[in-house]
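Numbering (the working numbering), first residue to last: 41 to 445.
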């Protein structure tokens, strides 16, 4: 009799999903498309800074009145940011952002052909909705495109669009307007935004809306201690920054050692520092978020103090401004990574509150800085700004202990 022993066969390993690599590549392509979209939107927001004299003369208003188009964009953005998830709770986020980008194209076209100042204001209100709506969705969208452990790096790529726009918008606007007029600048950015729409359509996969109970979700997020403390700290820190940075040119022009050419280079150095800071924050925020939360405001506060005490020294002034840009460049990525850790299941609500908080802080900081400048002088502006950045930064950094581990 012959017996047959059973043969043990090891189970075959489960095959990796055939499209895993494709999904990863598609995810990063979507991140890049989001970065390009943010770049065109933020460029659109910053353009008036280089066009105010030309716009004011053509539209028959003062430069001060013309400058209010920037305020209009920020104020609408403050409301639009947290409202997006409430107004469109179920709409696919890819479709929503495409619609917002098309709205930005319309906004820039309206600015380009505007016969009156009132039409320009309306166009900038539309831009505020497009900008804040897209930015409020950026965190939630990016979190669906890349693995959780790479979200900080992904947000660094997205925020590279903000940093690049900060550096490029004003000089590009000035260059184009000097040859073709201010309306040509808005035609150009409308075309660029239309190109961003095409890229977004091609590169961005479907992004389902996050589960939400509407206003209840928003209020639930606002009831959490970590969110209240973190947003308050961020608001004070950002207000301190913009209260100072808004008047950096005023302070620089009061230094006899800085010529107009050197001041232009100084502002460019700040922008380059911001680009570097954004990249560095993206590299470290995923694994060392707590360290970055402490380091970023510390660098900013020390740099603002250093700038105010440079006493006309070109070397110290440039060094302080470079460090200032380095610190602030890390703020968007650091704060959005913090928000994703604090509210991992409600990123849309957290992102909307972050945008509203940011826009409010910009408006308050610039207003308070202006009041201090008129009442007490430029030195007081920067000392107060440094104190606000330090105190707000300390409060924000303290919430790192409340983050889930």
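Glycine residues also receive a C-beta, built at the ideal position from the N, C-alpha and C atoms.
Quick one: Cα of residue 374 to Cα of residue 333, how far?
As a working note, residue 374 is residue 334 in the chain shown. As a working note, residue 333 is residue 293 in the chain shown. Using only the alpha carbons, I get a separation of about 7 Å.
Of the listed residues 91, 428 and 83, nearest to residue 272 (C-alpha basis):
Position 232 of the chain shown, counted from the start, is the residue given in the question as residue 272. Looking at the Cα atoms, 428 is the closest of the given residues.
Does residue 155 come out as helix, strand or coil in the three-state DSSP assignment?
The sequence position of residue 155 within the chain shown is 115, counting from 1. Residue 155: coil per DSSP, three-state reduction.
With hydrogens ignored, establish whether the beta-carbon of residue 265 is closer than 6 Å to any heavy atom of the ligand GDP.
In terms of ligand content, the structure shown is empty, and the ligand GDP therefore cannot be addressed.
Excluding the 5 residues flanking residue 365 on each side, which residues of the same chain have their C-beta closer than 6 Å to its C-beta?
Looking up residue 365 in the chain shown gives position 325. Only 310, 313 and 314 meet the Cβ criterion.
For residue 98, the three-state DSSP class (helix, strand or coil)
Locating residue 98 in the chain shown gives position 58, counting from the first residue. DSSP places residue 98 in helix when its eight states are reduced to three.
Could you pull out every residue in the same chain whose Cβ sits closer than 6 Å to the Cβ of residue 405, ignoring the five residues on either side in sequence?
The sequence position of residue 405 within the chain shown is 365, counting from 1. If we look at residue 405 and ignore the five residues flanking it on each side, its Cβ neighbours are 279, 282 and 283.
Please list, in chain order, all residues of the same chain as residue 261 whose beta carbon is under 7 Å from its beta carbon, the five residues on each side excluded.
Looking up residue 261 in the chain shown gives position 221. 267, 383, 386, 389, 390 and 393, listed in sequence order.
Uninterrupted alpha helix (DSSP H) stretches inside the region 244-287 (no shorter than 4 residues)
255-262 and 265-285
Whose C-alpha, out of 105, 132, 80 and 109, is nearest the C-alpha of residue 88?
Position 48 of the chain shown, counting from 1, holds the residue named residue 88. That would be 109, whose Cα lies nearest to the Cα of residue 88.
Thinking C-alpha only, which one of 178, 226 and 127 is nearest residue 137?
Here residue 137 refers to the residue found at position 97 when the chain shown is read from its first residue. Cα-wise, what sits closest to residue 137 is 178.
What did DSSP end up calling residue 357 once you bin it into helix, strand or coil?
Indexing the chain shown from 1 puts residue 357 at position 317. DSSP places residue 357 in helix when its eight states are reduced to three.
May I ask you to report which of helix, strand or coil DSSP gives residue 383?
As a position in the chain shown, residue 383 is number 343, starting the count at 1. Three-state result, residue 383: coil.
Exposed or buried, what is residue 196 when buried is set at 16 or more other beta-carbons lying within 10 Å of its beta-carbon?
For this step, residue 196 is matched to residue 156 along the chain shown. Buried, by the Cβ-count rule.
At the level of alpha carbons, what is the spacing between residue 74 and residue 198?
Here residue 74 is taken as the residue at index 34 of the chain shown, counted from 1. Here residue 198 is taken as the residue at index 158 of the chain shown, counted from 1. Between residue 74 and residue 198, the C-alpha separation is close to 6 Å.
Taking DSSP as the reference, what is the three-state secondary structure of residue 107?
Start at 1 with the first residue of the chain shown, and residue 107 comes out as number 67. Residue state, collapsed to three classes: coil.
CB residue 291 to CB residue 418, shorter than 7 Å?
The residue given as residue 291 occupies position 251 in the chain shown. The residue given as residue 418 occupies position 378 in the chain shown. Yes, the Cβ-Cβ distance between residue 291 and residue 418 is below 7 Å.
Judging by CA-CA distance, which residue of 354, 367 and 329 is the nearest neighbour of residue 337?
Along the chain shown, read from residue 1 onward, the residue named residue 337 stands at position 297. For residue 337, the nearest C-alpha among the options comes from 367.
Pairs of beta-carbons, one from the region 103-122 and one from the region 214-226, closer than 8 Å: are there three or more?
no
Work out the CA separation of residue 176 and residue 213 for me, nearest whole Å.
The residue given as residue 213 occupies position 173 in the chain shown. The residue given as residue 176 occupies position 136 in the chain shown. If you take the alpha carbons of residue 213 and residue 176, they lie about 26 Å apart.
Contacts around residue 20, its chain only, beta-carbon distance under 6 Å, and the 5 residues preceding and following it disregarded:
Past the edges of the chain, shown from 41 to 445, lies residue 20, and the structure says nothing about it.
Helix, strand or coil: which one does DSSP assign to residue 139?
Taking the first residue of the chain shown as position 1, residue 139 is located at position 99. Three-state DSSP puts residue 139 in a helix.
Collapsed DSSP secondary structure at residue 61 in the structure displayed:
In the chain shown, counting from the first residue as 1, residue 61 sits at position 21. The predicted position of residue 61 is uncertain, since its pLDDT is 43 and thus under 50; a value taken from the coordinates is nonetheless stated next. If DSSP states are grouped into helix, strand and coil, residue 61 belongs with the helices.
Starting from the Cα of residue 443, find the closest Cα among 329, 414 and 431 and give me that residue.
Residue mapping note: residue 443 aligns to position 403 of the chain shown, counting from 1. With distances taken between Cα atoms, residue 443 lies closest to 329.
Might you give, ordered along the chain, the residues of its own chain that have their beta carbon closer than 7 Å to the beta carbon of residue 410, omitting 5 neighbours on each side?
Walking along the chain shown from the start, residue 410 turns up at place 370. If we look at residue 410 and ignore the five residues flanking it on each side, it has no Cβ neighbours.
Measuring CB to CB, does residue 243 end up less than 7 Å from residue 77?
For this step, residue 243 is matched to residue 203 along the chain shown. For this step, residue 77 is matched to residue 37 along the chain shown. Result no, Cβ atoms of residue 243 and residue 77 do not sit closer than 7 Å.
Keeping to the same chain, check which residues put their C-beta closer than 6 Å to that of residue 356; ignore five residues upstream and five downstream.
As a first step, residue 356 is located in the chain shown; it is residue number 316 there, counting from the start. Closer than 6 Å at the Cβ level, and outside the excluded window around residue 356, lie 350.
Just verifying my parser: in three-state terms, what is the DSSP assignment at residue 134?
Numbered from 1 along the chain shown, position 94 holds the residue referred to as residue 134. The answer is helix: DSSP assigns residue 134 an H, G or I state.
Select from 241, 421 and 318 the residue whose C-alpha is nearest the C-alpha of residue 69.
For the purposes of this step, residue 69 is taken as residue 29 along the chain shown, with counting starting at 1. Among 241, 421 and 318, the Cα nearest to that of residue 69 is on 241.
Evaluate the contact criterion for the region 146-157 versus the region 91-101: three or more CB pairs, one atom per stretch, below 8 Å.
yes
Which term fits residue 534, buried or exposed, when burial requires 16 or more other beta carbons within 10 angstroms of its beta carbon?
There is no way to answer for residue 534, as the model of the chain reaches only from 41 to 445.
Check residue 326 in the structure and name its three-state DSSP category.
As a working note, residue 326 is residue 286 in the chain shown. Coil, per DSSP.
Under 7 Å Cβ to Cβ from residue 192, same chain only, skipping five residues before and after it: list those, please.
What you label residue 192 is simply residue 152 of the chain shown in a count that begins at 1. Excluding residues within five positions, the ones whose Cβ falls inside 7 Å are 322, 325, 326, 373 and 377.
What's the C-alpha gap between residue 164 and residue 84?
For the purposes of this step, residue 164 is taken as the residue at position 124 of the chain shown. For the purposes of this step, residue 84 is taken as the residue at position 44 of the chain shown. Straight-line Cα distance between these residues: approximately 9 Å.
How long is the line joining the alpha carbons of residue 140 and residue 120, rounded to whole angstroms?
Taking the first residue of the chain shown as position 1, residue 140 is located at position 100. Taking the first residue of the chain shown as position 1, residue 120 is located at position 80. Each residue's alpha carbon lies about 11 Å from the other.
Give the secondary structure of residue 169 by DSSP, where H, G and I count as helix, E and B as strand, and everything else as coil.
Here residue 169 is taken as the residue at index 129 of the chain shown, counted from 1. Looking at residue 169 - three-state DSSP - the assignment turns out to be helix.
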